[in-house]
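A quick write-up on the structure given underneath.
Residue numbers (our numbering): 85 to 269.
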C-alpha cells in the first residue's frame, strides 16, 4: 500500500484584536466653521398641502379595480328563464308551478353589484344544504338610474353558476325561482 502524501495544514489566522472604537463625535464641533448660504433672491414655491379628505373616484374607475370579472361582459338583454342542457323539458314548468318547495330566500335590495355577487355566492352554497329550490329577490330596478342593474346581472350570474340547474322569473316579478343541484352526502 502506498501512503498518501501529506498536505500541509493551513494556518488559522489569529483572532484580530477588538477594534478600538473612535471617540464620540461632537456634531456641533464638526460643523463650527460652516457658514450658511447667502440668500439668492429667488422665491421658492412650496406646493400646496393635499386635502385631508379622500377624493371621490369615478364609478368607471372603481369598477375596473374590483376583482369580480363577471359583470364586465354582460349581455345587453336578459332572458326570463334558463335551463341547463340535459335537463328534462318540463323542468321550467315544474319550477314555475312550485313543484319543489322554496326552502330559502335572499333579498338583494340595497346591495351594490359586488356585494350582491358575494352574497349570492355564499347564499347558493349554504342553501344547497336546505333544499333544491330558492327564491332570489333582485328587485325591479326602479331605483336604478337608467335600467335595472341587479336584475340583469343576477340572471347572468345564475346562468354561469355550476350548481344552478334552472331558473325562472317568479309570478310577482322582481324575483327568481332557482333550482339547485341536489347536495350529495
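Yeah, the Cβ is synthetic: ideal placement off N, Cα and C, and Gly gets one too.
Helix, strand or coil at residue 188 according to DSSP, with G and I counted as helix:
strand
Alpha helix (DSSP H) segment containing residue 207, residue limits
197-211
Over the uninterrupted alpha helix (DSSP H) stretch that includes residue 114, give me the two end residues.
111-114
Would you call residue 294 buried or exposed, if buried means 16 or more other Cβ atoms sit within 10 Å of its Cβ?
The requested residue 294 does not occur in the structure, where the chain is confined to residues 85 to 269.
Backbone CA spacing between residue 185 and residue 233 [nearest angstrom]
28 Å
Own chain partners of residue 249 with C-beta closer than 8 Å, once the 5 adjacent residues on each side are dropped
167, 168, 171, 175, 263, 264 and 265
On the three-state DSSP scale, how would you describe residue 86?
coil
Is it buried or exposed, residue 235, if we count other Cβ atoms within 10 angstroms and call 16 or more buried?
buried
Can you tell me the Cα-Cα spacing of residue 182 and residue 138, whole angstroms?
50 Å
Other residues of its chain near residue 207: CB distance less than 7 Å, five sequence neighbours each side excluded:
190
Exposed or buried, which one is residue 129 when buried takes at least 16 other CB atoms within 10 Å?
exposed
Classify residue 234 as helix, strand or coil using the three-state DSSP reduction.
helix
Spell out the partners DSSP gives residue 252 in its beta bridges.
165 and 261
Determine whether the Cβ of residue 179 lies closer than 8 Å to any Cβ atom of chain B.
Any reference to chain B falls outside this structure, which holds one protein chain only.
Can you tell which of 193, 140 and 127 has its C-alpha closest to the C-alpha of residue 259?
193
Please confirm whether residue 238 and residue 222 have their CB atoms less than 8 Å apart.
yes
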